[in-house]
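With this note's numbering, letter number 137 in the sequence shown gets 190, and the count goes up by one each step, no holes. Cβ atoms here follow ideal geometry from the backbone N, Cα and C, with glycine treated the same way. In this text the structure is predicted, and so the values were computed from the model without any measurement. Since the structure comes first, as structure tokens, the remarks are kept for the end.
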Amino acid sequence: MPFPVQVVARPGDDTAYVITKDGRVWMLIDGEVNSEPVLDLTVRVENARLEQGLLSIALHPTDPDRLYLHYSDERGDTVVSEFRFLSATEIDPGSERVLLQVDQPASNHNGGMLQFTPDGTLLLGLGDGGGAGDEFGNGQNRDTLLAGLVAIDVDGGTDPIKYATGLRNPWRFWIDGDLIYVADVGQDLFEEVDVVPLEPGHNFGWPIAEGLHCFDSPAGCDTSGQVIPVIEIRHGDPEPCSITGGVVYRGSAIPEMEGLYLYSDYCGGWLRSFRFDDGAAVDQTDWTDQVGVPGMMTGFGVDGAGEVYVTTETGLFAIVPVR
């Protein structure tokens, strides 16, 4: 499978969907991917550059006929659109309803994740516009939708708004109850995971800070009012380059992992976890010796039973118990 990046399913549903960066949506049944895509948007999606393409998928939480895709258009700009299912095996490419378009000044830091909050708001993660060192000045700019989380009303009652700011490139986040786990890709030295209440107004600190450290400021910096990461990963630990945020395990096949947040790194390819408890990351565990390094890690997802899948540039893998 060419460059899968996410798996998604409705709770209790036997059918899941996988997206590939080239612009296609595939059906996943009983761990097997159908031979033909249920939607092919390759003619609309720019995916030749590493951080662009079809980046995320979300299924409507109450309407089984609707789904949402985040992709880079032929100009490389951000598009979030609604599509409609004709059946479980076919999505109507002509049903596209564009909800959001955002100009991208560079081809990197396009963000990625789409996920619904419990109240039915669609959240989108967007990077700072690319380049290096927040060169476009979006990190702390509340007048742009870039460099933050964006709240979208899929029924069109309100315009998209900036829900949180100060993010460099939130490729993946995960909503678990009243918490949101945000894995923000660092620049030269540090990757980070933040865990905060699911509410608007958070400032994640970029470019004032990178991880737990001041960014490009030997004299120090003022981080008051900003989110402090619960996990920081220094480059070279081993070979991290771009954190791949994951999911909180809520399946039943591996009860020992209940409540663990699983995450990885695009270059390192390892699998690690922690449990968030009383404001801290506890029970930190490295599972790599048990599961190996399947490749360059691009994403995570869960099926309808809450069991976890991971995606690499070249494949799709399930995390299963060994008893």
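Under 8 angstroms by Cβ, that's how I've got residue i and residue j pegged, so tell me the actual separation to the nearest angstrom.
i           : j           : result
residue 319 : residue 351 : 7 angstroms
residue 285 : residue 312 : Their Cβ separation, rounded to whole angstroms, is 21 angstroms, which puts residue 285 and residue 312 out of contact at 8 angstroms.
residue 125 : residue 163 : 6 angstroms
residue 202 : residue 176 : 5 angstroms
residue 122 : residue 136 : 6 angstroms
residue 247 : residue 235 : 5 angstroms
residue 54  : residue 86  : 6 angstroms
Give the single residue among the options whose Cα lies nearest to the Cα of residue i.
i           : options            : result
residue 378 : 326, 222, 136      : The requested residue 378 does not occur in the structure, where the chain is confined to residues 54 to 376.
residue 304 : 173, 267, 151, 357 : 357
residue 343 : 224, 324, 214      : 324
residue 108 : 253, 225, 274      : 225
residue 282 : 178, 185, 116, 266 : 266
residue 348 : 150, 363, 60       : 363
residue 18  : 197, 204, 146, 103 : The structure shown does not extend to residue 18, since the chain spans only 54 to 376, so no value can be given for it.
residue 338 : 345, 328, 332      : 328
residue 172 : 230, 141, 196      : 230
residue 345 : 359, 332, 355, 365 : 365
residue 196 : 118, 61, 215       : 215
residue 211 : 174, 269, 81, 222  : 174
Find out if the Cβ-Cβ distance for the pair residue i, residue j is shorter than 8 angstroms.
i           : j           : result
residue 279 : residue 257 : yes
residue 243 : residue 299 : no
residue 310 : residue 316 : no
residue 75  : residue 95  : yes
residue 180 : residue 199 : yes
residue 113 : residue 103 : no
residue 213 : residue 189 : no
residue 191 : residue 178 : no
residue 232 : residue 259 : no
residue 276 : residue 261 : yes
Check the DSSP bridge columns for residue i and list the partner residues they point to.
i           : result
residue 120 : 112, 136
residue 281 : Paired residue(s): none; residue 281 is not in a bridge.
residue 234 : 227, 248
residue 77  : 73, 93
residue 301 : 314
residue 350 : 365
residue 68  : 82
residue 176 : 168, 204
residue 37  : Residue 37 is absent from the structure shown; the chain starts at 54 and stops at 376.
residue 57  : 73
residue 125 : 131
residue 292 : According to DSSP, which records beta bridges pairwise, residue 292 is partnered with nothing at all.
Kindly list the residues whose CB is nearer than 6 angstroms to the CB of residue i, restricted to its own chain and excluding five residues on each side of it in sequence; keep chain order.
i           : result
residue 372 : 361
residue 307 : 374
residue 292 : 320, 321
residue 379 : Shown here, the chain extends from 54 to 376; a query on residue 379 therefore has no answer.
residue 155 : 131, 198
residue 245 : 237, 264, 282, 285
residue 62  : 69, 356, 357
residue 274 : 261, 267
Could you name the residues of the same chain whose beta carbon sits closer than 7 angstroms to that of residue i, not counting the 5 residues immediately before and after it, in chain order?
i           : result
residue 78  : 70, 72, 90, 91, 92, 110, 144
residue 255 : 217, 249, 280
residue 287 : 242, 243
residue 378 : Coverage of the chain is limited to positions 54 through 376, which leaves residue 378 absent and any answer about it impossible.
residue 150 : 134, 135
residue 105 : 99, 125, 129, 160, 163
residue 341 : 323, 324
Give me, in chain order, the residues of the same chain whose beta-carbon lies closer than 8 angstroms to that of residue i; leave out the 5 immediate sequence neighbours on both sides.
i           : result
residue 368 : 54, 57, 347, 348
residue 146 : 92, 93, 94, 136
residue 194 : 200, 218
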